[in-house]
Amino acid sequence: MSEPNTEGARPRPQYGEYASTEEQRRRIQQPDATWALESGQQLDQNPAQQHSPAEAAPLADDTAETDLTRRRRVADRVITIGLLVYGLFNVFTSIPLFTDYSVYAASLFEMMGLQATLSDPEGARAWGFAAAVVVGLGWLLTAVLSWMSMRRGRISWWIPLVGALVFSFASGILLTVPLFQDPAVWDVLVSGASS
Numbered sequence: 164m165s166e167p168n169t170e171g172a173r174p175r176p177q178y179g180e181y182a183s184t185e186e187q188r189r190r191i192q193q194p195d196a197t198w199a200l201e202s203g204q205q206l207d208q209n210p211a212q213q214h215s216p217a218e219a220a221p222l223a224d225d226t227a228e229t230d231l232t233r234r235r236r237v238a239d240r241v242i243t244i245g246l247l248v249y250g251l252f253n254v255f256t257s258i259p260l261f262t263d264y265s266v267y268a269a270s271l272f273e274m275m276g277l278q279a280t281l282s283d284p285e286g287a288r289a290w291g292f293a294a295a296v297v298v299g300l301g302w303l304l305t306a307v308l309s310w311m312s313m314r315r316g317r318i319s320w321w322i323p324l325v326g327a328l329v330f331s332f333a334s335g336i337l338l339t340v341p342l343f344q345d346p347a348v349w350d351v352l353v354s355g356a357s358s
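Under the numbering used here, the letters of the sequence shown match residues 164 to 358, in that order.
Below, the structure written as structure tokens:
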């Protein structure tokens, strides 16, 4: 338990080693007594009037840093929630467009200036539905990760941005697969490139 003292016959006691059971119980009931011993102050017997070092007035630097940290955390939460709301709006507007793939393809062809139609719009519909599921579940996963990060007090504004990039790219890949597999679209693209 303790190492022998070479100067005297009795070894140096460790904390609480020689305390009786009653003394140990009495010390356990007053756990804030150690700060009084360290500072040399007299310990009050009334525990309601005891003051711990945690209750001491904080320094001006500590309060300024706490205020700055609190403001940064609030700003991070506002930005993160704003990005999540914007992403949710995009998800709600994208899902109906993706699930009706023939309308999506027609608007895409019109934007590109192509006179093309899908040869199998029903076959392409499954790809649009898959892209809608990816976007919806991606937003949900991004929201959960952002919430967990904010709850832990970490900087979280980047999570919705990365989630938007990753899941938009994944849904974009799913949306282009039927276009590249459709021979009618390829014919229009090749004839447009050769003229």
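Quick reminder that beta carbons are idealized off the backbone N, C-alpha and C, glycines included.
Since we're looking at a predicted model, the values are computed, not measured.
Worksheet item: Quick one: is L281 buried, meaning 16 or more other Cβ sit within 10 Å of its Cβ, or exposed?
Response: buried
Discussion item. Can you check which of these residues, G301, F343, F292 and P323, is closest to L260 by C-alpha distance?
Written reply: F292
Practice prompt. Return helix, strand or coil for R320, following the three-state DSSP convention.
Written response: What sits at residue 320 in the sequence shown is Trp, not Arg. W320 falls in the coil class under three-state DSSP.
Practice prompt. State the DSSP-derived secondary structure class of T280, mapped to helix, strand or coil.
Written response: coil
Worksheet item: Taking just the CA atoms, how far does I191 sit from S183?
Response: 12 Å
Item to complete: Following the continuous alpha helix (DSSP H) through L268, name the residue where it begins and the one where it ends.
Response: Inspection of the sequence shows that residue 268 is occupied by Ala rather than by Leu. Y264 to M275 is the extent of the alpha helix (DSSP H) around A268.
Discussion item. So for P174, helix, strand or coil by DSSP?
Written reply: coil
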